[in-house]
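Scroll down for the structure; my scribbles are underneath it.
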Amino acid sequence: MCIYLNLMILIKIIRGFIRAKRLREQEIQSVIESIQKQITYYNITLQELGYTNVPDDGLARRNSSKGVYYRNEEGQTWSGVGRQPRWLKEALLNGMKKEDFLVKDTEDEIIPLKNI
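Read left to right, the sequence shown gives residues 33 to 148 (this note's numbering).
Next up, the structure:
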């Protein structure tokens, strides 16, 4: 009987660790996404973050902002760099195309969307 109780206690402890690990992973993912957005927004290089062992072969060089390439009706934008934002993913799942959200080169306007 003592072995059974010990096993039940161990199972509860392990379940607690698994739950804590899942919660930590969710929180870390949220933090990573936030950091990535800020790095993209401010165009921060690895050298500026303190990574001194990164070779400066031109790949890590700071580029000028490429601007906004995609915009939805609510004015939310995406530069085309990094992960696709949730609004774009949802629109693509609903049958829209990325081209439907392209911003004109010469103007800061939205290309008209197709009728849904």
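Backbone N, C-alpha and C define an ideal beta-carbon position, used for all residues, glycine too.
Task: Limits of the alpha helix (DSSP H) - the one that residue 64 falls within - done: Residues 34-74.
Quiz item: Where does residue 115 fall in DSSP's three states?
Solution: Residue 115: coil per DSSP, three-state reduction.
request  = Alpha carbon to alpha carbon, how far is residue 72 from residue 107? Give it in angstroms, no decimals.
outcome  = Rounded to whole angstroms, residue 107 to residue 72 spans 18 Å at the Cα level.
Quiz item: So, is residue 133 buried or exposed, given that buried needs 16 or more other C-beta atoms within 10 angstroms?
Solution: Label assigned to residue 133: buried.
- Please classify residue 123: is it buried, with 16 or more other beta-carbons within 10 angstroms of its beta-carbon, or exposed? So residue 123 ends up on the buried side.
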